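Numbering (this note's numbering), first residue to last: 1 to 56.
Every residue, glycine too, gets a C-beta built ideally from N, C-alpha and C.
Just so it is clear, the structure is predicted and the values come from calculations on it, not from any experiment.
One structure is given here, and the rest of the page talks about it.
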């Protein structure tokens, strides 16, 4: 997913949560967790990530 898709998903979940009486924080947490998983698994940044981990 790209950034626009994540933002669209987040907005849709927030809207649904507000209109259905569901927990807005849970919707935000879900989108955040999915975004963080995508960032951690991004193959484009993997070499830089390895270098940063080794330097730390």
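Tell me whether residue 52 is buried or exposed, calling it buried when 16 or more other Cβ atoms sit within 10 Å of its Cβ.
Exposed, by the Cβ-count rule.
Helix, strand or coil for residue 22 per DSSP?
Note: residue 22 maps to coil in three-state DSSP.
What's the gap between the Cα of residue 4 and the Cα of residue 20?
In a straight line, the C-alpha of residue 4 is about 24 angstroms away from that of residue 20.
Rounded straight-line distance, which links the Cα of residue 36 to that of residue 22
If you take the alpha carbons of residue 22 and residue 36, they lie about 23 angstroms apart.
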